[in-house]
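Following: one structure in C-alpha cells, then a few remarks.
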Amino acid sequence: MADETTWNGCTTCRDMDRNCPAPLPLRRPKGANFRYLTQNTENTSDDQKLLELYRTLEEFDDSAAKGCRKCAAISQILLFFKPDWKPSYGVTLVLSPSGNPQIWLPGREIAIQLFTPCGYEPAWPGLHSLPDISPSPRSAEAIAFAKECLNNCLQDHRGCHPTGQMLPTRLIEVGAADEDPVRLIESGAALTKEYVALSYCWGQGKTFRTVEATLQSNMSGISIQALPTTLRDAVYITRQLGVPYLWIDSICIVQDDARDWRTESAKMGLVYQNSLLTIAAASSPSADHGFLKNRTKAKEFSLEWICDDGSATVLRARIDPTYHKSIWEISELPWNHRGWTLQEQVLCTRLLVFADAEIQWRCPSASCCECRGIDGWAAHWSKMLLKDFQSDSDAYIYWHRLIEESYSPRSFTQYRDKLPAISGIASIIQQQTDSTYLGGLWTKNLPLDLCWSRHRTGGRIDFGPPLSTPEYRAPSFSWASIDGRISYWNPCGCEGDGWVPRARVLEVMSEIDADNPFGQPENAHLTLRGPVASCVLRVPDHMPAGAQRWLINGDEEHVCFVDDDLCLFTYEDGRGTIKESPGRRTSTKFERPDAARAFTVSTNSPREVSVHLIQLGSTVESCNDYRCNYFMILGRSLRDPMGAFERIGLYAEDIPAGTAEEPPVTPLTEQISFDMATVVIR
C-alpha cells in the first residue's frame, strides 16, 4: 500500500478503503466531516474502529466529475434508493476495517449495503462477496445458515460459556420431524441437558397455555395443530436443529398456579442462560402470527463494474434488511417492544433471531446474519452482555442505561410483570454490587437511583387512559411504578464528574417474596433525611387545561413535570381539620376505591396544588462546569397521609456556569427556605 506522501486517491470516499493512508486529524474539530464510531470500543485502537465520513450528494457528484468511479457509483446508488435526494442532503459513508462499506441516511434509519454477489470477483479489494438472502426462513439455505452458526459456536467459540448446567422444571419433548403429538415432561425424565428456549410476543389474544386443569393432559400429549403458529414454528426449528427439547413459558409454567408462576418466573433468567440456544420470534407480534413466513424480495441496485485489471464484475447495493443498530436501540421489530424479551435477549448464551427479512445470530464471540451485513462489524456494537464490571459504579451506570433506553419503553400484557420480567438481570447486578434491591433501585446507590424522570420528547405528556384494573406493582419512588420511558442522568465520563448527595437514607423497608426476591416488593417505604421545603405547583395561566407543565411557586424559571396525572384527595390532620393533597391518579384508583372524592387537577380547577420538595443531591459535569440539582416532589400518601408521602414528580434544576454578560441561574435553594427534615416515602 502506498504511504500518505505518495497516495493520490479520492479524498471524498477515501477509495472506499478503511485502511487507506490518507491522513486524518488526530482530533475531530468542531464541524469536521468525519469521526470514529467509538461506541463501546474504548480499548480499541483508532485503526480498528469504524470510520464515518460525512458527505453530501453534491460532494460525491463533484468527485465523480473529477474521475472517481466509486463516488459516481455512490451517487447512483443514493438516487436509486432515494430519487428525491437533493444535492445538499448529507449521508454518512461508513468504512469498516473488515466489513463491507455502508451508506447511512440521516438518523441512521436506513443503511445501504454495498457488495459483490457470490460467484463474481470483488469489484475492488476489500469488498466482500455476499450471498443472496433466501426467500423463506424455512428454506434449506436458511436452515443451513442456522446450523452452521450453532455448530461453529459449539466447536470453536471458547468465549461462549457451556450451557446445560441446569434444566427447567418442565420441557416440551418435540420428537422426530413428522411426530405428532409433542408432550410436556418433567425435566427429570430428560435424556440430555440440551434444550432450546423460545422468546416471543404473546400478543393480545390467548395463547396455548398449561393450567392446572390441563397439566396432565399436556403431559400425555399436545397436538401440533393445537398450537398457535409461532409455537408450531418453534417446534419446527428445534427439530431441524436436532435438539430434543423446547422450553416455552406459556406451556412449561402452570399459568393459573400463583406459586408455580412465582417460582418459575424467578428462574427464567437461568432458563435462558442455560439453554443451548434461544429462538427469538422477532418478526411475530403474537403467538398466532408465526415467524417462518415467506419474504418479499428486496429492491436491489446492480451495476456492471470494470475492475482495475480490466475484468468485468458486478457491484450491487441493497437496504440492510433489518439494519443492525446498536443493540441498545429499540428497533421496530415487535419482539423488541415486549418487556420480557429484554431479559431473554441479555441473558441467553446464543440467540437466533428470526427478523422479518433475515435470520441473525448473536453469541458472546460472534454476530452474523444471512446478508452478512454484520460480519466484521460485531466488535463495534454493544452486545449488551452482562460482564465483570470494573466497579460497582460501572454496574449502576449499566443498569441506568438498560432501564432508560432498552427496558422502560417496552410494553407488557400484564404490567404487574414489570419487575419480575427483569429479575434475572437484577440478580446478576446484585452479585456484582452486593447491594439490596428495592423495586428496581439499589440501596447502595440511593439517593442517586431516585433521580429518574418521565422521558419527555417535547409537548405535553400523554399519560394514557386511567388504569382499568388498577394494581400496585412498586412504591411511588421507583421508576417501575409508572408506565412509559424514563430518563436518568448518565455521566459523560470526564474526570471530576460525579454525584454530590444532599439527602441521606435512614431506613429502607419492604416485604419481599421468598420465591423471587427480585420481583415485586410489598409495603415498601423509604425514610430520607435532607433539605425539605413546602411550595406550590401552579399551571401557567397561558397553558390549556390538561397540560403537564407546572411551575414551582409560579416562577417561569422553575419548570417541573409530574409522573402522572394528579388528583386532589382530602384527609384529616391531627387536629381534625380537613385538608387536601395531590396524589397520582393511578395511586388514587388502587389506594382509594372511594375515588369519587378525588378529581383530576389537570382537567379541572383549581390549577394550583401544595406540595413538598426534598433535595436529593446534585450531579456535576466538570468538562463544562455544569451542575444539576435534583428535587423529589412529594404529595401526601393516600394510604397514610399523616405519616408518609408519595412521589408525584421530579424537578431537575440546571445550573450552568454563567458569564459576566449572562450570570448563572439563582438556585432554588436560595429562593425557597429549606430545612433539614425526615420524610417517609411510600
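Counting in the working numbering, the sequence shown runs from 561 upward without gaps. Don't be surprised by glycine CBs; every beta carbon is placed ideally from N, CA and C.
Check	Outcome
Three CB pairs or more closer than 8 Å across the region 749 to 759 and the region 827 to 837	yes
Where residue 1008 sits in the DSSP three-state scheme	helix
The region 696 to 712 / the region 910 to 928 touching (three or more Cβ pairs under 8 Å)	yes
Closer than 8 Å: residue 859 CB and nearest the ligand ATP heavy atom	The ligand ATP is not among the ligands present in this structure, which contains no ligands whatsoever.
Residue 719 versus residue 910: straight-line alpha-carbon distance, rounded	12 Å
Pair within 9 Å by beta-carbon distance, residue 762 and residue 973	yes
Same chain, Cβ closer than 6 Å to residue 725, five either side skipped, listed in chain order	834
Where the alpha helix (DSSP H) through residue 1085 begins and ends	Unbroken run through residue 1085 is the beta strand (DSSP E), 1082 to 1098; no alpha helix (DSSP H).
Cβ-Cβ separation, residue 1044 to residue 977 (assumed contact under 8 Å), whole Å	That belief does not hold up - the Cβ atoms of residue 977 and residue 1044 are roughly 16 Å apart, past 8 Å.
Cβ contact (3+ pairs, closer than 8 Å) linking the region 1068 to 1081 and the region 1168 to 1180	no
Where residue 1230 sits in the DSSP three-state scheme	helix
Distance between beta carbons of residue 1230 and residue 1143, contact taken as under 8 Å	Not a contact, Cβ separation roughly 30 Å.
For residue 1191 and residue 634, the rounded distance between their alpha carbons	52 Å
Integer Cβ distance of residue 1188 from residue 1213, believed to fall under 8 Å	7 Å
Rounded separation between residue 631 and residue 689 - CA only	20 Å
Whole-angstrom distance between residue 1097 and residue 1138, CA atom to CA atom	20 Å
Bounding residues of the beta strand (DSSP E) (the contiguous stretch that carries residue 1243)	In the structure displayed, the chain extends from 561 to 1242; residue 1243 sits before or after that span and is not available.
With 16 other Cβ atoms within 10 Å as the buried cut-off, status of residue 819	exposed
Under the three-state DSSP convention, the category residue 1130 falls into	strand
For residue 1040 and residue 1015, the rounded distance between their alpha carbons	13 Å
6 Å Cβ shell around residue 771 - same chain, five flanking residues per side excluded	815, 816
Neighbourhood of residue 1164 by C-beta distance below 7 Å, restricted to the same chain and skipping five residues each side	In this predicted model, residue 1164 has a pLDDT of only 46, less than 50, meaning its place in the structure is not dependable; the value taken from the coordinates is given anyway. None.
Host beta strand (DSSP E) of residue 1120 (start-end)	1119 to 1122
Nearest-angstrom Cα separation, counted from residue 893 out to residue 735	30 Å
Identity of the residues DSSP links to residue 876 by a beta bridge	675, 862
Top-ranked residue by Cα proximity to residue 1210, from 1124, 907, 1136	1124
Residue 618 - containing alpha helix (DSSP H), residue span	617 to 625
Close-in-space but distant-in-sequence residues of the same chain around residue 1236 (CB under 8 Å, 5 per side omitted)	1089, 1090, 1091, 1092
Bounding residues of the alpha helix (DSSP H) (the contiguous stretch that carries residue 795)	789 to 800
Residue 726 in three-state terms, based on DSSP	coil
C-beta atoms of residue 810 and residue 830 nearer than 9 Å	no
CB of residue 721 within 9 Å of CB of residue 924, strictly	yes
DSSP-derived helix/strand/coil call for residue 1142	strand
Nearest neighbour of residue 878, chosen from 663, 1070, 1146 [CA to CA]	663
Under 9 Å between C-beta atoms of residue 577 and residue 686	yes
Given residue 981 as reference, the closest of 953, 866, 824 once Cα atoms are compared	824
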